[in-house]
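The listed protein sequences derive, respectively, from chains H and L. With the first letter of the first sequence counted as 1, position 383 gets the number 383 in the UniProt record's numbering; the numbers rise by one all the way through. With the first letter of the second sequence counted as 1, position 93 gets the number 93 in the UniProt record's numbering; the numbers rise by one all the way through. Using N, Cα and C, we set each Cβ at its ideal position, and we do this for glycine too.
2 protein chains.
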Amino acid sequence: MKALRIGIVGLGRGFMLTLPALRAHPRVEIAAAFDLRASPRAQFTREFGAKSYESLEGLLAADIDAVYIATPHELHATQAIAALGAGKHVLVEKPMAISVAECVAMEAAARRAGKLLLVGPSHGFDAPVRRAAELIASGGFGAVRQLTAMNFTDFMYRPRRPEELDSARGGGVVYSQAAHQIDVARRLVGRDVTFVRAVAGNWDSSRPSEGAYAAMMGFEGGAVASLTYSGYAHYDSDELVNWISELGREKDPEQYGDTRRALRNLEPATESAAKIRRAYGEDGASTSEPPAPYHEHFGFVLVSCERADLKLSPQGITLYGDEHREFLAIDPPSLPRVEVIDEFVEGALGLVQPIHDGRWGVKTVACCAALLESSRTGSEIAPTAMIIDTLEAVSV
Amino acid sequence: MKALRIGIVGLGRGFMLTLPALRAHPRVEIAAAFDLRASPRAQFTREFGAKSYESLEGLLAADIDAVYIATPHELHATQAIAALGAGKHVLVEKPMAISVAECVAMEAAARRAGKLLLVGPSHGFDAPVRRAAELIASGGFGAVRQLTAMNFTDFMYRPRRPEELDSARGGGVVYSQAAHQIDVARRLVGRDVTFVRAVAGNWDSSRPSEGAYAAMMGFEGGAVASLTYSGYAHYDSDELVNWISELGREKDPEQYGDTRRALRNLEPATESAAKIRRAYGEDGASTSEPPAPYHEHFGFVLVSCERADLKLSPQGITLYGDEHREFLAIDPPSLPRVEVIDEFVEGALGLVQPIHDGRWGVKTVACCAALLESSRTGSEIAPTAMIIDTLEAVSV
């Protein structure tokens, strides 16, 4: 059985969250890594007996088949294009990149190379989303007509690196968080987005980036999605999903305000360091936590089809039919994010046609860009038109 | 203390729901009634020792100061204009009427007569809405930025008269139900609506009218509201408000599907009759139910201000501040809808400046009309422009 030798680009928090699934996959070999920091490189070499590099060029020259890119958003495009150019399959964290033009260039590089470009993890991969999408696509409930999703988190007050709060560098909640919600909605509706109308909010001058939005997305065939998000750490919508956290763990509702209090007690100069402490190979971080008992999720998600509503939860799906209601339990995850690694490995080995490939990723980023553009201009934006305009600009 | 002698226009279900508050108000005298049906007229005369009429003209010639109009939507405008022309104050059920032009004519009639035109009951009057609006208006939480409201009910499958499912006659959920949600949102945000973008859905050909919608409303100052509604009797959002029904009573979640089953067992020819049985003076109806223990509500309502979120419930308001969360209990209602009768009586007697007057009502109906027009045309509609266009058409 042929294994995929994967090189890790960025030994940060993303890598830590995906590591259990990478490590456990029978067809994955964690073969090498690149990071600018010496400490996680040393830890990586100790833990995996594999070489680590202080440059991306070094990693790409190593004996690997693929890379997993888990670096800051603004580096995704350059790194992915370099890896594809070197003949590697690429798994890149969402957001795929921070502009439609970057995504188009990445997808073009993947086609030139004849290699897989997959965008994940995102909550569009979560098992309840996948199961609901399959049920909906089977047609038994009639067409999807409405989707209602909302998520209220403390995103804006977790320790952040400067670029994470800089809109010009893909900061704020749109590229980072709307990308999840849009992926979930697109996966469930199963059609292309025709328009986005949105208002994004920048409500706290001490954290000056978009921290909230309300968006309406129209789909081919007429379905409509209402997406609401706030990262301002007030209401917590995890109460609507049985007090299970985004990462599938039980959550204590009494810890209200903890994130903001912790940030208040942090010197501004040490905020980036506080984030790094949660990354791979650092003091505060552990890769030995037990796996989460529930599926990951992205808040309240309700899909209305003509003959039934479906409500997603970290434990399964509630089906609201004409006269009967039924809960479809979904077995707890073996490991978080295993669906992503499955899709990447099987896609790279040519065993399945992946869903979340570069074409998929361009469209989600186009929706994010349309969301911001709609908010800026006060008008409706067609994400497909943004992609076409970019393609024309590139071909000129 | 001067009392207001009120004549009832339409002894139906609306009258029954408002009757306890009318009867208990120290300044209200239920003085006369008009209905086309003999049986409720007889019941009315027995119960109140007051005269009832089989024509509106008869009622308007009686010794009354005001009327309460609780008839089918399409009759509101004609009846209100007649009553105002006869020098009576008018309380008219929502929707005020089923077109902007009708509403403009009603408001013009009120001004000519120098009488009060009040639109209610609607859930915009509910005590938690009022309290939250006052808290928000006091400014302590910063500006309102986002409002998220959703309500999933069985509206479309309750017994209906034919016009209630005929869009051309103001049927479907928009005039009947969006009018509530828009009133709630407008009251909480406290600013005029600048645009409506919406998709209304007509998903069941056996009940052919708009049964659901998703709407985005923008407000002066930049706030945005996301309003979602489905009356298709699948998911029930009362689970998000502690399983308390719209009318403030405890609800059994195990009665899933009952409304649709009951309708299925009804002969189509007897559906209107089934509705009438729930009206005043009919066998199945009772005016002696104990008052509801909780406030009325219109589903999930969350308001995001710059420095706090507020979540409404039938028991009070949860305030989600920066570091603390607090529940503001609101005393249970003495009687349902007493706020409406208070505002009407005090407004008619010149003691207060009413909020939900004809000017208010025109704007809510303009938002309903804009919602339908946006859905029909696929474009954003400014409700104010609809009012101005109507005024110009009238003045020509």
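Self-check item: Sufficient close CB pairs (3 or more, under 8 angstroms) joining the stretch 144-162 of chain L to the stretch 265-279 of chain L
Solution: Output reads yes: the stretch 265-279 of chain L touches the stretch 144-162 of chain L.
Quiz prompt | Length at least 4, wholly inside the stretch 241-328 of chain L: the alpha helix (DSSP H) runs in chain order | solution = Taking only runs of at least 4 residues, the alpha helix (DSSP H) segments lying wholly in the stretch 241-328 of chain L are 258-264, 271-276.
Quiz item: For R197 (chain H), which three-state DSSP category applies?
Solution: Residue mapping note: residue 197 (chain H) aligns to position 197 of the first sequence, counting from 1. R197 (chain H) carries a strand assignment under DSSP once its states are collapsed to helix, strand and coil.
Quiz item: What is the residue span of the alpha helix (DSSP H) that L147 (chain H) lies within?
Solution: Translated into the one-based positions of the first sequence, residue 147 (chain H) becomes position 147. Taken as a continuous stretch (DSSP letters only), L147 (chain H) belongs to no alpha helix (DSSP H), being part of the beta strand (DSSP E) at 144-152.
Exercise. Tell me, please, which residues DSSP counts as bridged to R46 (chain L).
Key: In the second sequence, residue 46 (chain L) corresponds to position 46, counting from 1. Beta-bridge analysis with DSSP links R46 (chain L) to no other residue.
Quiz item: For a contact meaning CB atoms closer than 7 angstroms, what does W203 (chain L) contact in chain H?
Solution: For the purposes of this step, residue 203 (chain L) is taken as residue 203 along the second sequence, with counting starting at 1. Chain H residues near W203 (chain L): R145, E306.
Self-check item: Amino acids of chain L, ordered along the chain, whose beta-carbon sits closer than 7 angstroms to that of A262 (chain H)
Solution: Position 262 of the first sequence, counted from the start, is the residue given in the question as residue 262 (chain H). Chain-order list of chain L residues neighbouring A262 (chain H): empty, with the shortest C-beta distance near 11 angstroms, by a criterion of under 7 angstroms.
Quiz prompt | Cβ-based burial, S379 (chain L) [other Cβ within 10 Å; buried from 16] | solution = For the purposes of this step, residue 379 (chain L) is taken as the residue at position 379 of the second sequence. By the neighbour-count definition (other C-beta atoms within 10 Å, threshold 16), S379 (chain L) is an exposed residue.
Self-check item: Proximity of L118 (chain L) and A110 (chain L) at Cβ, strictly below 7 angstroms
Solution: Indexing the second sequence from 1 puts residue 118 (chain L) at position 118. Indexing the second sequence from 1 puts residue 110 (chain L) at position 110. No. Outside cutoff.
Quiz prompt | L165 (chain H) versus I98 (chain H) - alpha carbon distance | solution = As a first step, residue 165 (chain H) is located in the first sequence; it is residue number 165 there, counting from the start. As a first step, residue 98 (chain H) is located in the first sequence; it is residue number 98 there, counting from the start. Taking the straight line from one Cα to the other gives about 13 angstroms.
Practice problem: For the stretch 291-320 of chain L, enumerate the residues whose C-beta is nearer than 7 angstroms to any C-beta of chain H, in chain order. | Solution: Listed in sequence order: L302, S304, E306, A308, D309, K311, Y320.
Exercise. Would you tell me roughly how many angstroms separate the C-alpha atoms of V396 (chain L) and T384 (chain L), rounded to the nearest one?
Key: Position 396 of the second sequence, counting from 1, holds the residue named residue 396 (chain L). Position 384 of the second sequence, counting from 1, holds the residue named residue 384 (chain L). For V396 (chain L), the predicted structure reports a pLDDT of 49, less than 50, and the residue's modelled location is therefore unreliable. A value from the coordinates is still provided. Taking the straight line from one Cα to the other gives about 18 angstroms.
Practice problem: Please classify D126 (chain L): is it buried, with 16 or more other beta-carbons within 10 angstroms of its beta-carbon, or exposed? | Solution: Locating residue 126 (chain L) in the second sequence gives position 126, counting from the first residue. With 16 or more other Cβ atoms within 10 Å, it is buried.
Quiz item: Taking the C-alpha atoms as reference points, what is the distance between G211 (chain L) and T78 (chain L)?
Solution: Position 211 of the second sequence, counted from the first residue, corresponds to residue 211 (chain L). Position 78 of the second sequence, counted from the first residue, corresponds to residue 78 (chain L). The straight-line gap separating the alpha-carbon atoms of G211 (chain L) and T78 (chain L) is approximately 26 angstroms.
Quiz item: Would T228 (chain H) count as contacting chain L if we go by Cβ distances under 7 angstroms?
Solution: The residue labelled residue 228 (chain H) in the question sits at position 228 within the first sequence. Chain L contact via Cβ: present.
Self-check item: Below-7 angstroms beta-carbon distance, T148 (chain H) vs any chain L residue
Solution: For the purposes of this step, residue 148 (chain H) is identified with residue 148 of the first sequence, where counting begins at 1. Closer than 7 angstroms: yes.
Practice problem: List in chain order: all unbroken alpha helix (DSSP H) runs of 4+ residues lying wholly within the stretch 82-169 of chain H. | Solution: Correct list: 100-113, 127-137.
Self-check item: Residues that L240 (chain L) contacts on chain H, provided the C-beta gap is smaller than 8 angstroms
Solution: One-based indexing of the second sequence puts residue 240 (chain L) at position 240. Within 8 angstroms Cβ-Cβ: L240.
Practice problem: Let me know the secondary structure DSSP gives residue 405 (chain H) once reduced to three states. | Solution: Outside the modelled stretch of chain H, which goes from 1 to 396, sits residue 405 (chain H), for which no answer is possible.
Quiz item: V173 (chain L) and T390 (chain L): beta carbons closer than 7 angstroms?
Solution: Walking along the second sequence from the start, residue 173 (chain L) turns up at place 173. Walking along the second sequence from the start, residue 390 (chain L) turns up at place 390. No; because the gap between Cβ atoms is not below 7 angstroms, this pair is not in contact.
Practice problem: Taking only the alpha-carbon atoms, compute the straight-line gap between I81 (chain L) and P332 (chain L) and give it to the nearest angstrom. | Solution: For the purposes of this step, residue 81 (chain L) is taken as the residue at position 81 of the second sequence. For the purposes of this step, residue 332 (chain L) is taken as the residue at position 332 of the second sequence. Whole-angstrom Cα-Cα distance: 36 angstroms.
Quiz item: Between the beta-carbon of residue 405 (chain L) and the beta-carbon of V199 (chain L), is there less than 7 angstroms?
Solution: Given that chain L is displayed from residue 1 to residue 396, the structure contains no residue 405 (chain L) and the question cannot be resolved.
Quiz item: Should Y256 (chain L) be flagged as near chain H, meaning a C-beta pair shorter than 7 angstroms?
Solution: Numbered from 1 along the second sequence, position 256 holds the residue referred to as residue 256 (chain L). For Y256 (chain L), at least one C-beta of chain H is nearer than 7 angstroms to its own C-beta.
Quiz item: Are the CB atoms of A21 (chain H) and L59 (chain H) nearer to each other than 7 angstroms?
Solution: Indexing the first sequence from 1 puts residue 21 (chain H) at position 21. Indexing the first sequence from 1 puts residue 59 (chain H) at position 59. No, the Cβ-Cβ distance between A21 (chain H) and L59 (chain H) is not below 7 angstroms.
Quiz item: Does the stretch 342-349 of chain H come within contact of the stretch 305-312 of chain H, defined as at least 3 CB pairs closer than 8 angstroms?
Solution: Judged by pairs of C-beta atoms under 8 angstroms, the stretch 342-349 of chain H does not touch the stretch 305-312 of chain H, as fewer than three such pairs exist.
Quiz item: Terminal residues of the continuous beta strand (DSSP E) containing T71 (chain H)?
Solution: As a first step, residue 71 (chain H) must be located in the first sequence, where it is residue number 71. Counted as a single uninterrupted DSSP element, the stretch harbouring T71 (chain H) is not any beta strand (DSSP E), since DSSP gives it neither H nor E.
Practice problem: Tell me whether A38 (chain H) is buried or exposed, calling it buried when 16 or more other Cβ atoms sit within 10 Å of its Cβ. | Solution: Locating residue 38 (chain H) in the first sequence gives position 38, counting from the first residue. With fewer than 16 other Cβ atoms within 10 Å, it is exposed.
Quiz prompt | Reduced DSSP category for V396 (chain L) - H, G, I as helix; E, B as strand; rest coil | solution = Your numbering for residue 396 (chain L) matches position 396 in the second sequence. Annotation note: pLDDT 49 at V396 (chain L) (below 50); position unreliable, no value reported.
Quiz item: Ordered along the chain, which non-local residues of its own chain (more than five positions away) have a Cβ less than 8 angstroms from that of L76 (chain H)?
Solution: Along the first sequence, one-based indexing puts residue 76 (chain H) at 76. At residue 76 (chain H) the sequence reads His, which differs from the Leu that was named. Excluding positions up to five away in sequence, the list reads I69, V92, E93, P95, M96, A97, I98, E102, M106.
Practice problem: In the DSSP assignment, find the alpha helix (DSSP H) that holds I182 (chain L) and state where it starts and stops. | Solution: Along the second sequence, one-based indexing puts residue 182 (chain L) at 182. Boundaries of the alpha helix (DSSP H) harbouring I182 (chain L): 179-189, taken from the DSSP string.
Practice problem: Name, in chain order, the residues that DSSP records as bridge partners for L351 (chain L). | Solution: For the purposes of this step, residue 351 (chain L) is taken as residue 351 along the second sequence, with counting starting at 1. DSSP lists no partner for L351 (chain L).
Quiz item: Who does K51 (chain H) pair with in a DSSP beta bridge?
Solution: What you label residue 51 (chain H) is simply residue 51 of the first sequence in a count that begins at 1. Looking at the DSSP output, K51 (chain H) shares a beta bridge with H:A32.
Exercise. Could you tell me whether the Cβ of M216 (chain H) comes closer than 7 angstroms to any Cβ of chain L?
Key: Position 216 of the first sequence, counted from the start, is the residue given in the question as residue 216 (chain H). True, the Cβ-Cβ gap to chain L drops below 7 angstroms.
Practice problem: If I'm right that L351 (chain H) touches F300 (chain H) with Cβ under 8 angstroms, what's the distance once you round it to whole angstroms? | Solution: Reading the first sequence from its first residue, position 351 is the one you call residue 351 (chain H). Reading the first sequence from its first residue, position 300 is the one you call residue 300 (chain H). The beta carbons of L351 (chain H) and F300 (chain H) sit about 35 angstroms from each other, so the pair does not count as a contact at 8 angstroms.
Self-check item: Contact list for V224 (chain H) against chain L, beta-carbon separation under 7 angstroms
Solution: On the first sequence, position 224 is the one that residue 224 (chain H) refers to. Residues of chain L passing the Cβ test: V199, A214.
Quiz prompt | CB contact flag (I355 (chain H), A132 (chain H), <7 angstroms) | solution = To locate residue 355 (chain H), count along the first sequence from 1; it is residue 355. To locate residue 132 (chain H), count along the first sequence from 1; it is residue 132. For I355 (chain H) and A132 (chain H), no; Cβs fall outside 7 angstroms.
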